[in-house]
Ligand SMILES: Cc1ncc(COP(=O)(O)O)c(C=O)c1O
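Numbering (this note's numbering), first residue to last: 110 to 574.
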């Protein structure tokens, strides 16, 4: 492909690529082809002819289309009914349009004047999220690149709340974050980045399913205080990555209020339940927390990445992030300059993906997606109850369920590898109570109860093969 300006060839190339991708996803939706390739990285590099393209260039349009097809064939098919592995949204048209709009305008909502439309959209989307949490009147939100950065941002605010000098002077060395071992590893990463060290996360004792036991909060706080340490925050799962179960949020909120502690709810996956009257109760008490994160690229069907980091009080962000950069920031515009509220400098207008999803599909469509997928995990649980060869340790609360094929005991990971080789289904795994489980995260809109029945049958066949 020779170098020409965007407008000269984007119509021809764009239309052809879109047609190729749409046809590929259409096929994946029927369940044809492998859910994900199990080829090794060198084989994949060869199939994509990566050396050739890097060293020689010269790709023609037909070669580009062939590259796009091979790339898609090798990639995990999130629209495939057998895709049940990780919490990544099967992207939808509005998110794709948002990405296209961003790719063509390349506006960066760093300062308002640089990207007025993008900054206004991000603010409106954060407002929608805040309203859903119950913080519309007092809160502040920012769009950021993923739940990992969102958790870091929220915990940085919690640290400033615990010690107002920490942002300027560095970590004082006596700070501790409380979180159950089932919290996402980004909480430990954040602690390490903040200078608390991974060991600065106190692992809260939980029930057998990894949920915070509220009775254990008091002794944990007493123990930490007796060691002369200061608590930064309590982190609860809403819901936990591994099990999809929600911590008792209202009880943790009560404890935090009683003890003046910052309360952070990691809602990266499960905050989407807020838009469903049927499931909203799982997050009861979240409005009493201080911060939360909510990923659009999980249950709101946007492409990655798209996260809201949300705070109950606007003032929580006053002591952080703000920088003097005379070429960029003007004090009078501080309120509308998104770059003064997150860790990133340049970032895409992430809220656009949610805005267009709400506008084009409607909140009701997102609600039915969340309810449908949550219902599927219950379907899987019910199917398992009817059989003697499978067990599931709990009734699901979201679209995630851990289960085991009992005849294979603790060899579930080997079974999972065999299943991936087979190509029809893609599951993840999780160690619960030290034992390995198969884990289904039911994200695809084409998975149905029959697919789940087929899954169990295929597991048996693959195990016997
Ligand atoms: C509960 C929870 N928190 C945080 C994260 C990290 O989010 P991201 O992958 O968007 O950085 C995940 C990812 O699975 C998650 O499930």
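By construction, the Cβ of each residue, glycine as well, lies at the ideal position given by its N, Cα and C atoms. Remember, predicted model here, so these are calculated numbers, not experimental data.
In chain order, what residues of the same chain lie with their CB nearer than 7 Å to the CB of residue 140, ignoring the 5 residues before and after it? 189, 190 and 191
I need the straight-line Cα distance from residue 463 to residue 562, nearest angstrom please. 33 Å
Would you say residue 262 touches ligand 1, meaning its beta carbon is less than 7 Å from a heavy atom? no
Assess, as a yes-or-no matter, whether the region 240 to 253 is touched by the region 348 to 366 under the definition of 3 or more beta carbon pairs within less than 8 Å. no
Between the region 509 to 517 and the region 541 to 557, are three or more C-beta pairs nearer than 8 Å? yes
Does residue 416 come out as helix, strand or coil in the three-state DSSP assignment? strand
Determine the extent of the alpha helix (DSSP H) in which residue 476 is found, giving its start and end residues. 472 to 494
Does the region 255 to 270 touch the region 414 to 426, meaning 3 or more C-beta pairs lie closer than 8 Å? yes
Have a look at the DSSP bridge pairing and note the partners of residue 315. 321
Write down the C-beta distance between residue 384 and residue 344 rounded to the nearest angstrom, noting that I regard them as a contact closer than 8 Å. With a Cβ gap of about 23 Å, residue 384 and residue 344 do not count as contacting.
Alpha carbon to alpha carbon, how far is residue 199 from residue 407? Give it in angstroms, no decimals. 9 Å
Going by DSSP, what residue range makes up the alpha helix (DSSP H) through residue 365? 358 to 368
Candidates 565, 466 and 574: closest to residue 204 by CA position: 466
Ligand 1 and residue 377: does any heavy atom of the ligand fall closer than 7 Å to the residue's C-beta? yes
Where do the N-terminal and C-terminal ends of the alpha helix (DSSP H) with residue 540 fall, by residue? Taken as a continuous stretch (DSSP letters only), residue 540 belongs to no alpha helix (DSSP H), being part of the beta strand (DSSP E) at 535 to 541.
For residue 175, is the beta carbon positioned less than 7 Å from some heavy atom of ligand 1? no
Between 144, 357 and 306, which lies nearest to residue 325 when the distance is taken from Cα to Cα? 357
Between which two residues does the alpha helix (DSSP H) harbouring residue 553 extend? Taken as a continuous stretch (DSSP letters only), residue 553 belongs to no alpha helix (DSSP H), as it is neither H nor E.
What are the residues that DSSP puts in a beta bridge with residue 544? 541
Just list the alpha helix (DSSP H) runs in the region 219 to 296, keeping only unbroken ones of 4 residues or longer that don't cross its boundaries, in chain order. 225 to 242, 256 to 271 and 275 to 278
Which same chain residues, not among the five before or five after residue 569, have their C-beta less than 6 Å away from its C-beta? none
For residue 259, does the count of other Cβ atoms within 10 angstroms reach 16, so buried, or fall short, so exposed? buried
Taking its Cβ as the centre, do 16 or more other Cβ atoms sit within 10 Å of residue 115, making it buried, or is it exposed? exposed
Between which two residues does the alpha helix (DSSP H) carrying residue 184 extend? Premise fails: residue 184 is in no alpha helix (DSSP H) and is neither H nor E.
Residue range of the unbroken alpha helix (DSSP H) whose run includes residue 328: 326 to 335
Taking the DSSP output, what are the residues bridged to residue 192? 535
Say the cut is 7 Å; is the CB of residue 295 nearer than that to a heavy atom of ligand 1? yes
Compute every distance between the C-beta of residue 475 and the non-hydrogen atoms of ligand 1, then say whether any falls below 7 Å. no
State yes or no: is the C-beta of residue 318 nearer than 7 Å to some heavy atom of ligand 1? no
Residue 381 (DSSP reduced to helix, strand or coil): helix
Under 8 Å: do the region 212 to 221 and the region 389 to 398 share three or more Cβ pairs, one atom per stretch? no
Where does residue 425 fall in DSSP's three states? helix
Does the beta carbon of residue 257 fall short of 7 Å from some heavy atom of ligand 1? yes
Could you tell me the boundaries of the alpha helix (DSSP H) in which residue 406 lies? 405 to 408
Inter-stretch contact (C-beta, 8 Å, three-pair minimum) for the region 397 to 405 and the region 373 to 381: yes
Could you tell me the boundaries of the beta strand (DSSP E) in which residue 509 lies? 509 to 514
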